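J.:
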Amino acid sequence: MSTHLLAHQVRVIEERVALAEKLEKLRTFVGGALFQTVSRDEQRRLTRQTLVMSDYLEILDQRIGAFHVAD
42 MSTHLLAHQV
52 RVIEERVALA
62 EKLEKLRTFV
72 GGALFQTVSR
82 DEQRRLTRQT
92 LVMSDYLEIL
102 DQRIGAFHVA
112 D
């Protein structure tokens with residue numbers, strides 16, 4: 042990857058970092074005891090959110106991986 046990134050590429054990387062941090066916190070919550078105290082419906086929503094955020098992270102990784110192609 043080039044050392045010179047365009048402004049939008051920097052924003053994508055920053056977005057990826059923030060998303061990864063949020064996803065890690067969510068995964069920690071879902072794997073913990075407190076998760077069992079929320080309703081089954083909320084557990085399903087949180088589990089689905091984890092999956093969607095993981096997909097989103099993968100897409101950002103692919104976008105970042107393609108940055109060098111446009112250079």
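According to this note's numbering, the sequence shown is numbered sequentially starting from 42.
Here a beta-carbon is modelled for each residue, glycine too, at the ideal position from N, C-alpha and C.
Remember, it's a predicted structure, so these values are computed and weren't measured experimentally.
For the region 99-106 and the region 54-64, state whether three or more C-beta atom pairs, one from each stretch, are separated by less than 8 Å.
T.: yes
J.: Beta carbon of V53, beta carbon of L101: below 8 Å?
T.: Taking the first residue of the sequence shown as position 1, residue 53 is located at position 12. Taking the first residue of the sequence shown as position 1, residue 101 is located at position 60. Taking 8 Å as the Cβ cut-off, V53 and L101 qualify as a contacting pair.
J.: What does a CB cutoff of less than 8 Å around L67 pick up in its chain, not counting 5 residues either side in sequence?
T.: Taking the first residue of the sequence shown as 1, we reach residue 67 at position 26. Shown here for L67: same chain residues with a beta carbon closer than 8 Å to its own, the five before and five after excluded, namely L87, Q90, T91 and M94 in chain order.
J.: At the level of alpha carbons, what is the spacing between E62 and T69?
T.: Taking the sequence shown and counting its residues from 1, the one referred to as residue 62 is at position 21. Taking the sequence shown and counting its residues from 1, the one referred to as residue 69 is at position 28. Looking at the two C-alpha atoms, the distance is approximately 11 Å.
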